[in-house]
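Colleague: First the structure, then my questions, so here it is.
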Amino acid sequence: MLLEALILGLVQGLTEFLPVSSSAHLRILGEFLPSAQDPGAAFTAITQIGTEAAVVVFFWRDIVRIVSRWSLALVRKIPQNDPDVRMGWLIIIGSVPIVVLGLLFQDQIETTLRSLWLVAGMLIFFGVLLGIADLVGAKRRKLDQLTLGHGVIFGFAQALALVPGVSRSGGTITAGLFLGYERAAAARYAFLLAIPAVFGSGFYQLIKNWDEQGPFTPVETAAATGVAFIVALGVIAFFMSWISKRSFLPFVVYRVALGATLLVLLSMGIIQPY
């Protein structure tokens, strides 16, 4: 089982920041591993702590600056309209939808919404939607033009990722493109916005499942989380470089192809939806 956990950690690190849905990949991959079982929402959330730690490392200077200046604004040492202070508040506000919806629909997220039929549909639908957004989006706005209203929209787009197959980065970036933001700006905000939600969800699942025996032992889950962290660092650097020069078309094609393949496998009974 350790090897399976490491493989899943590798896939988590490779797919978390690409707009292809890491949770969908872990859900699908679980069907083809020797144990042939869903790694579960808890395992997915905990390993995401590793990938999100990579975001903290990669954007460390930005995060420290935002947190420090936001804190200074609380004690009125700098004005509230400071760009970093505004960004801090927008990240907080944008995190509210996923927290509320995640708690309200926790049971469905861990059961019904993990159906591979739904995963396949989300991969295709939101893949096409990403392609349309990339095609029609103005791609002119920068992060310093982010408004409160747009921050809320970004937040609800991120919350869609509670459904495997949507993609946290993909949903948020798609919303950003439709709102006219540059590819790199939309991706950067998507990564920063995910920090509170992913750490919150990951540590919540860690505490909740501390005494429960899931598909993997705590040691195996920890090893997978470590692998995810290392791989994710390289993926973030690659992705930020890619979108500064190229479109999202390869990811769109990949999502649609994966979703279509999954539908065929389900229709033929080769794999089961649960």
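The sequence shown begins at 1035 in the numbering used here and counts up by one. We treat Cβ as the ideally placed atom computed from N, Cα and C, and that holds for glycine.
#1: Please name the residue, chosen from T1251, L1296, L1300 and G1171, that lies closest to L1037 on a Cα-to-Cα basis.
#2: Would you kindly work out how many angstroms separate the C-alpha atoms of L1296 and G1155, rounded to a whole number?
#3: Which same chain residues, not among the five before or five after G1189, have their C-beta less than 8 Å away from its C-beta?
#4: Which class does R1217 belong to by DSSP, given the choice of helix, strand or coil?
#5: Whether or not the segment 1265-1273 and the segment 1035-1052 are in contact is what I'm after, with contact meaning three or more pairs of Cβ atoms, one per stretch, closer than 8 Å; do they touch?
#6: How do the segment 1159-1178 and the segment 1284-1301 stand: do at least 3 beta-carbon pairs fall below 8 Å, yes or no?
#7: Are the CB atoms of G1043 and A1262 within a distance shorter than 7 Å?
#8: Only counting runs of 4 or more residues, tell me where the alpha helix (DSSP H) segments fall wholly within the segment 1250-1287, in order along the chain.
#9: Is it true that the CB of A1058 sits closer than 7 Å to the CB of V1153?
#10: Hey, G1122 and V1101 are a contact pair by Cβ (cut 8 Å); roughly how many whole angstroms apart?
#11: Please state whether DSSP places R1174 in a helix, a strand or coil.
#12: Using the Cβ count rule (16 or more neighbours within 10 Å means buried), how would you classify G1183?
#13: Let's see if you can read the secondary structure: which residues bound the alpha helix (DSSP H) around R1110?
#14: Is the separation between the beta-carbon of G1214 and that of R1174 shorter than 7 Å?
#15: Assign G1303 to one of three DSSP states: helix, strand, or coil.
#16: Are the beta-carbon atoms of A1258 and T1081 separated by less than 7 Å?
#17: Under 8 Å Cβ to Cβ from I1112, same chain only, skipping five residues before and after it: list those, please.
#18: Hey, quick one: how far does the alpha helix (DSSP H) through Q1140 stretch, first residue to last?
#19: Would you mind reading off the limits of the alpha helix (DSSP H) that contains I1192?
#20: Tell me which residues share the same chain as P1230 and place their Cβ nearer than 6 Å to its Cβ, disregarding the 5 neighbours each side in the sequence.
#21: Would you please state the rounded distance, in angstroms, between the beta carbons of F1092 and I1270? I believe it to be under 8 Å.
#22: Closer than 8 Å by C-beta to G1260: which residues in its own chain qualify, once you throw out the five before and the five after it? Chain order, please.
#23: In whole angstroms, what separates the C-alpha of L1060 from that of L1124?
#24: Pick from R1222, K1242, I1304 and A1294: whose alpha carbon is nearest that of F1273?
#25: Could you check where the alpha helix (DSSP H) with S1057 kicks off and where it finishes?
#26: Check whether the Cβ atoms of I1277 and R1202 sit closer than 7 Å, and answer yes or no.
#27: Please go through the same chain and pick out, in chain order, the residues whose beta-carbon is closer than 8 Å to the beta-carbon of F1233, but skip the five residues on each side of it.
Modeller: According to the structure shown:
#1: For the purposes of this step, residue 1037 is taken as residue 3 along the sequence shown, with counting starting at 1. The candidate whose alpha carbon is nearest that of L1037 is T1251.
#2: Taking the first residue of the sequence shown as position 1, residue 1296 is located at position 262. Taking the first residue of the sequence shown as position 1, residue 1155 is located at position 121. One Cα belongs to L1296, the other to G1155, and the distance between them is close to 9 Å.
#3: As a working note, residue 1189 is residue 155 in the sequence shown. Contacts found: I1127, G1128, S1129, V1130, P1131, I1132 and L1227.
#4: Along the sequence shown, one-based indexing puts residue 1217 at 183. Helix.
#5: Three or more beta-carbon pairs separated by less than 8 Å link the segment 1035-1052 to the segment 1265-1273, which places the two stretches in contact.
#6: Output reads yes: the segment 1284-1301 touches the segment 1159-1178.
#7: The sequence position of residue 1262 within the sequence shown is 228, counting from 1. The sequence position of residue 1043 within the sequence shown is 9, counting from 1. For A1262 and G1043, yes; Cβs fall inside 7 Å.
#8: Qualifying alpha helix (DSSP H) stretches, in chain order: 1252-1277.
#9: Against the sequence shown, residue 1153 aligns to sequence position 119. Against the sequence shown, residue 1058 aligns to sequence position 24. It is a contact, given that the beta carbons lie within the stated cut-off.
#10: The residue given as residue 1122 occupies position 88 in the sequence shown. The residue given as residue 1101 occupies position 67 in the sequence shown. Contact between G1122 and V1101 holds: CB atoms are separated by about 7 Å, below the 8 Å threshold.
#11: Counting from one through the sequence shown, the residue named residue 1174 turns up at place 140. Here R1174 sits in coil by DSSP.
#12: On the sequence shown, residue 1183 is found 149 positions in, with the first residue counted as 1. If you draw a 10 Å sphere on the C-beta of G1183, you find fewer than 16 other C-beta atoms in it, and that means exposed.
#13: Walking along the sequence shown from the start, residue 1110 turns up at place 76. Element bounds for R1110: n/a, residue is neither H nor E.
#14: Numbered from 1 along the sequence shown, position 180 holds the residue referred to as residue 1214. Numbered from 1 along the sequence shown, position 140 holds the residue referred to as residue 1174. Yes.
#15: Working through the sequence shown from its first residue, we reach residue 1303 at position 269. The three-state secondary structure of G1303, taken from DSSP, is coil.
#16: Within the sequence shown, numbered from 1, the residue matching residue 1258 stands at position 224. Within the sequence shown, numbered from 1, the residue matching residue 1081 stands at position 47. It is a contact, given that the beta carbons lie within the stated cut-off.
#17: Translated into positions along the sequence shown, residue 1112 becomes position 78. Counting only Cβ-Cβ distances below 8 Å, and skipping sequence neighbours, we find R1103, L1106 and V1119.
#18: Here residue 1140 refers to the residue found at position 106 when the sequence shown is read from its first residue. It spans Q1140 to E1144 - the alpha helix (DSSP H) in which Q1140 sits, taken as one unbroken run.
#19: Position 158 of the sequence shown holds residue 1192. According to the sequence displayed, residue 1192 carries Gln and not Ile. Annotation for Q1192: the continuous alpha helix (DSSP H) segment containing it runs L1182 to A1193.
#20: For this step, residue 1230 is matched to residue 196 along the sequence shown. Hits under 6 Å: S1129.
#21: Within the sequence shown, the letter at position 58 stands for residue 1092. Within the sequence shown, the letter at position 236 stands for residue 1270. Contact between F1092 and I1270 holds: CB atoms are separated by about 5 Å, below the 8 Å threshold.
#22: For this step, residue 1260 is matched to residue 226 along the sequence shown. Sequence-distant Cβ neighbours of G1260 in its own chain, meaning closer than 8 Å and more than five residues away, are G1043 and G1084.
#23: In the sequence shown, residue 1060 corresponds to position 26, counting from 1. In the sequence shown, residue 1124 corresponds to position 90, counting from 1. Cα-Cα distance, rounded: 30 Å.
#24: Here residue 1273 corresponds to residue number 239 of the sequence shown, with the count starting at 1. Closest option to F1273, Cα to Cα, is R1222.
#25: By 1-based counting over the sequence shown, the position of residue 1057 is 23. Looking at the DSSP string, the run of the alpha helix (DSSP H) that includes S1057 is S1056 to G1064.
#26: Taking the sequence shown and counting its residues from 1, the one referred to as residue 1277 is at position 243. Taking the sequence shown and counting its residues from 1, the one referred to as residue 1202 is at position 168. R1202 sits away from I1277, with the two beta carbons spaced by 7 Å or more.
#27: Here residue 1233 is taken as the residue at index 199 of the sequence shown, counted from 1. Closer than 8 Å at the Cβ level, and outside the excluded window around F1233, lie I1083 and E1086.
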